[in-house]
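Visitor: Encoded as structure tokens, here's the structure I'll be asking about.
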Amino acid sequence: MYTGLKPGLVISKRNRKWGLGNGNKECGRAGHNIMNKVALITGITGQDGAYLAEFLLGKGYVVHGIKRRASQFNTQRIDHLYQDPHEKDLKFHLHYGDVTDSANLIRIIQEIQPLEIYNLAAMSHVKVSFDMPEYTANTDGLGALRILEAIRLLDLGDKTKYYQSSTSELFGKAREIPQTERTPFYPRSPYGVAKLYAHWITVNYREAYGLYACNGILFNHESPVRGETFVTRKITRAAVRIALGMQSKLFIGNLDVKRDWGHARDFVEAMWLILQQHEPEDFVIATGVSTSIRDFIKMAFEELGIIVEFKGESTKEVGIVANCQNSHYFLPKGKELVSVDPNYFRPIEIEELVGDASKAKSKLGWRPKYHLKSLIKEMITTDLALAMQELELAKSSK
Ligand code: NAP
Ligand code: GDD
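Residues are numbered in our numbering as their position in the sequence shown, beginning at 1, plus a constant of 6.
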């Protein structure tokens with residue numbers, strides 16, 4: 007487990023190299039107070055960025071994040087962490103930037119000299135990557151290279167640790183079940199292929215230049231702030247809106263595929279643990295339980311007291327109300343709530359992913375605290391509150 011160093015302790019130049027000369031597995035820059043651990047997060051406005059920023063601030067880090075310039079506010083997930091730049095002793099800083107812009111990355115990294123860099127920035131939607139393969143390669147593949155090169159060019163290799171957001175998508179057409187750190191890769195999308203490059207360039211910089219650079223091979227992880235176009239959030243949002251009469255149906259793609267779903271809160275803790283080891287290594291992070299989209303839909307509706315059953319086959323399969331046990335919702339038996347829409351199919355699919363996180367359990371002491379039911383409960387509760395708020399607003403504006 008992590009132990010902080012004593013306040014005021016400054017590491018001598020001789021002991022600067024990560025993992026050397028201090029039993030606490032921590033590192034510091036010469037002349038800097040070690041308590042001011044500085045972390046840089048790319049992709050801070052995303053799901054994981056928000057959970058990780060909150061987690062690191064809780065550990066006493068000074069957190070810097072890179073956000074993209076957008077024509078509207080894009081910081082909803084981190085607004086609760088925002089600190090007025092006029093305040094003293096700021097712990098949370100945002101910088102405009104983009105992982106497709108090397109000069110911008112070099113300048114930011116040079117300015118803030120982070121001890122830990124978490125590269126979470128990505129075009130992270132697998133289906134969209136088939137529409138934008140070049141942009142995906144540039145951001146998700148070369149983005150990692152640009153940051154690794156910045157660490158090398160700025161001569162920060164002996165003090166800055168690098169975390170790469172690798173993914174279970176690398177296993178793709180999986181060669182074995184469950185997947186471990188030793189399972190061969192076979193990506194099945196432009197996203198997966200771009201992430202494969204990022205994965206191996208991280209290993210390459212570790213081996214060629216001795217950087218503390220690691221891959222977290224994370225399986226799917228979700229939360230109430232998951233993007234609305236990923237399947238879990240699409241389902242939980244639709245379930246509450248159907249229950250409240252705000253939406254008539256959920257249109258969905260492949261119902262048969264299975265994913266290993268965990269909670270983002272558990273998974274960002276694993277990212278941090280990966281950077282606190284003596285030696286840099288890659289780790290699979292997963293719950294070890296895989297569930298089909300069909301069963302996820304049933305569980306989401308069940309959380310609202312609505313029992314859904316499926317009938318029919320292939321694109322004609324539908325989900326209907328078998329029983330509505332919640333008197334607040336008016337859903338008659340037999341009503342169709344779910345239909346298959348082939349527009350949501352992918353050119354090629356990954357049928358099942360399930361991870362074996364034994365290495366993370368034994369070496370990092372990591373274990374997920376959430377299981378799928380508690381994750382779904384939290385997502386449904388939040389989406390229900392948001393939908394009710396929307397209804398109230400609509401009522402009051404009439
Ligand atoms: P997300 O919610 O889609 O967030 C992606 C973040 O990257 C956002 O902050 C986004 O900014 C930013 N971004 C996109 N393109 C960028 C660019 N060119 N330059 C700088 N920033 C850019 O994804 P997530 O679920 O938090 O995932 C975080 C990372 O883990 C990603 O690399 C993803 O591929 C990887 N991963 C995720 C999972 C999962 O199940 N969630 C599993 C394995 C690996 P905007 O807010 O401006 O769009
Ligand atoms: N998005 C979406 N929308 N997916 C659907 C739908 C739908 O209407 N219907 C079925 N699916 C299926 C997809 O075909 C896929 O097999 C599965 O649901 C999960 O899709 P997503 O939630 O979009 O996630 P993903 O598994 O493709 O990718 C996520 O997890 C990866 C880790 O394995 C992303 O977060 C990636 O960034 C991450 O690397």
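Ideal placement from N, C-alpha and C gives every residue a C-beta, glycine not left out.
(1) Closest to residue 225 by C-alpha separation, out of 136, 90, 358, would be which residue?
(2) Return yes when at least one heavy atom of the ligand NAP lies under 7 Å from the C-beta of residue 202, else no.
(3) Examine the ligand GDD and report whether any of its heavy atoms sits within less than 7 Å of the Cβ of residue 225.
(4) Can you tell me where the alpha helix (DSSP H) with residue 116 in it begins and where it stops?
(5) For a quick check, are the C-beta atoms of residue 346 and residue 321 less than 8 Å apart?
(6) Between 223, 207, 65, which lies nearest to residue 175 when the distance is taken from Cα to Cα?
(7) If you draw a straight line from the C-alpha of residue 329 to the C-alpha of residue 229, how long is it?
(8) Relative to the C-alpha of residue 71, which residue among 78, 279, 44, 197 is closest?
(9) Hey, quick one: how far does the beta strand (DSSP E) through residue 405 stretch, first residue to last?
(10) Which residue or residues does DSSP assign as beta-bridge partners of residue 342?
(11) How about residue 375 and residue 301: do their beta carbons lie closer than 8 Å?
(12) Which residue's Cα is closest to the Cα of residue 304: 402, 282, 386?
(13) Do residue 207 and residue 281 come within 8 Å of each other at the CB atom, strictly closer than that value?
(14) Is it buried or exposed, residue 102, if we count other Cβ atoms within 10 angstroms and call 16 or more buried?
(15) Any heavy atom of the ligand GDD closer than 7 Å to the CB of residue 259?
(16) Is any heavy atom of the ligand NAP found at a distance shorter than 7 Å from the C-beta of residue 295?
(17) Does at least one heavy atom of the ligand NAP sit under 7 Å from the Cβ of residue 55?
(18) So is residue 248 buried or exposed if we call it buried at 16+ other beta carbons inside 10 Å?
(19) Report the CB separation of residue 260 from residue 316 in whole angstroms; it is logged as a contact under 8 Å.
(20) Any heavy atom of the ligand GDD closer than 7 Å to the beta-carbon of residue 167?
(21) Starting from residue 64, trace the alpha helix (DSSP H) both ways and give me its first and last residue.
(22) Let me confirm a value: residue 56 is counted as buried when at least 16 other C-beta atoms fall within 10 Å, else exposed. Which label applies?
(23) May I ask you to verify whether the stretch 240 to 257 touches the stretch 174 to 189, counting CB pairs closer than 8 Å and requiring at least 3?
(24) On a CA-only basis, which of 256, 121, 235, 251 is nearest residue 244? Give me that one, please.
(25) Spatial neighbours of residue 397 within its chain, please: CB distance less than 8 Å, with the 5 preceding and 5 following residues excluded, ordered by chain position.
(26) With a threshold of 8 Å on Cβ separation, who are the neighbours of residue 332 within its own chain once the five nearest residues in sequence on each side are excluded?
(27) Using a Cβ-Cβ cutoff of less than 6 Å, which residues in the same chain neighbour residue 69 once the five nearest sequence positions on both sides are dropped?
(28) Who are the near neighbours of residue 221 in its chain, counting only those whose CB is closer than 6 Å to its CB and skipping five residues on each side?
(29) Any heavy atom of the ligand GDD closer than 7 Å to the Cβ of residue 359?
(30) By the 10 Å Cβ neighbour count, where 16 or more other Cβ atoms means buried, how is residue 200 classified, buried or exposed?
(31) Mapping the DSSP letters down to three states, classify residue 376 as helix, strand or coil.
(32) Looking at residue 81 and residue 48, is the spacing between their C-beta atoms short of 8 Å?
(33) Should residue 236 be listed as close to the ligand GDD, given that the test is whether its C-beta is under 7 Å from any heavy atom?
(34) Give, in chain order, every unbroken run of the beta strand (DSSP E) that is at least 3 residues long and sits entirely within the stretch 258 to 309.
(35) Excluding sequence positions up to five away, which residues of its chain have a Cβ less than 7 Å from the Cβ of residue 318?
(36) So is the beta-carbon of residue 104 under 7 Å away from any non-hydrogen atom of the ligand NAP?
Guide: Quick look at the numbers:
(1) With distances taken between Cα atoms, residue 225 lies closest to 358.
(2) The answer is no for residue 202.
(3) Yes, the ligand GDD has a heavy atom inside 7 Å of this Cβ.
(4) Here the alpha helix (DSSP H) through residue 116 covers 108 to 118.
(5) Yes, these two residues count as a Cβ contact at 8 Å.
(6) Nearest C-alpha to residue 175: 223.
(7) Taking the straight line from one Cα to the other gives about 27 Å.
(8) Among 78, 279, 44, 197, the Cα nearest to that of residue 71 belongs to 44.
(9) What the structure shows of the chain is the stretch from 7 to 404, and residue 405 is not part of that stretch, so it cannot be assessed.
(10) 326.
(11) Not in contact: residue 375 and residue 301 (Cβ atoms no closer than 8 Å).
(12) Closest in alpha carbon position to residue 304, among 402, 282, 386, is 386.
(13) Contact: no.
(14) So residue 102 ends up on the exposed side.
(15) Checking the Cβ of residue 259 against the ligand GDD gives yes.
(16) No, the ligand NAP has no heavy atom inside 7 Å of this Cβ.
(17) Residue 55: yes, Cβ under 7 Å from the ligand NAP.
(18) Classification of residue 248: buried, given that the 10 Å Cβ count is 16 or more.
(19) About 13 Å; that fails the 8 Å criterion.
(20) Checking every heavy atom of the ligand GDD against the Cβ of residue 167, none is found closer than 7 Å.
(21) From DSSP, the alpha helix (DSSP H) with residue 64 extends over 53 to 64.
(22) Label assigned to residue 56: buried.
(23) Contact between the stretch 240 to 257 and the stretch 174 to 189 is not established, with fewer than three Cβ pairs separated by less than 8 Å.
(24) Residue 244 has its Cα closest to that of 256, out of 256, 121, 235, 251.
(25) Excluding sequence positions up to five before and after residue 397, its CB lies within less than 8 Å of the CB of 250, 252, all in the same chain and listed in chain order.
(26) Cβ within range, chain order: 249, 310, 311, 312.
(27) Cβ neighbours of residue 69 beyond the five flanking positions: 45, 59, 62, 63, 98.
(28) Result list for residue 221: 170, 172, 205, 208, 288, in chain order.
(29) Result yes, Cβ under 7 Å from the ligand GDD.
(30) Looking at its Cβ environment, which holds 16 or more other Cβ atoms inside 10 Å, residue 200 is buried.
(31) Note: residue 376 maps to coil in three-state DSSP.
(32) No. Outside cutoff.
(33) Yes, the Cβ of residue 236 comes within 7 Å of a heavy atom of the ligand GDD.
(34) Taken in chain order, the complete beta strand (DSSP E) segments of 3 or more residues contained in the stretch 258 to 309 are 289 to 291.
(35) Excluding positions up to five away in sequence, the list reads 324.
(36) Under cutoff, so the answer is yes.
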